[in-house]
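See below for the structure under consideration.
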Ligand code: SF4
Ligand code: SF4
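In this note's numbering, the protein residues as written are 510 to 606.
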């Protein structure tokens with residue numbers, strides 16, 4: 510069977526920026542708000558907590574995928590922002606004017 514695994518794009522960090530994270534992490538004891546770059550990103554936009562127990566489980570379970578990542582960061586930010594809005598009860602998508 511052909512593999513559909515995708516490598517994470519260096520310098521992207523869309524999934525460390527667009528979504529909220531409900532669990533606490535170093536620097537953000539109440540979790541991470543949506544749309545804010547995680548303070549655990551280093552200068553190369555890599556996770557400083559990779560492989561450490563402080564890394565939130567949601568981060569360890571998230572795998573790159575074509576639907577989410579697309580072929581550029583803008584795609585990933587748009588997709589993840591839509592997902593964030595769709596999964597927040599009581600928060601409706603912005604109305605078009
Ligand atoms: S959105 Fe995809 S490519 Fe971008 S950092 Fe996350 S896993 Fe990597
Ligand atoms: S803890 Fe690491 S993987 Fe999770 S959002 Fe922050 S930088 Fe990204």
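Note that the Cβ used here is the ideal one computed from N, Cα and C, for glycine as well.
Because the structure is a prediction, the values reported are computed rather than measured.
Q) How would you call residue 596, buried or exposed, if buried means at least 16 neighbouring beta carbons within 10 angstroms? A) exposed
Q) At a cut-off of 7 Å, is residue 561 close to ligand 2 when judged by its beta-carbon and the heavy atoms of the ligand? A) no
(Q) Counting beta carbon pairs with one atom in the region 571-585 and one in the region 537-544, are three or more of them shorter than 8 Å? (A) no
Q. Does ligand 2 have a heavy atom nearer than 7 Å to the CB of residue 521?
A. no
Q: Just the C-alpha distance for residue 523 and residue 589, rounded to the nearest angstrom, thanks.
A: 8 Å
**Q.** Among 551, 598, 533, the one whose alpha carbon lies nearest that of residue 563
**A.** 533
(Q) Measuring straight from C-alpha to C-alpha, what distance separates residue 581 and residue 521? (A) 8 Å
Q) Leaving out the 5 sequence neighbours to the left and right, which residues in its chain are closer than 8 Å to residue 517 when beta-carbon positions are compared? A) 573, 578
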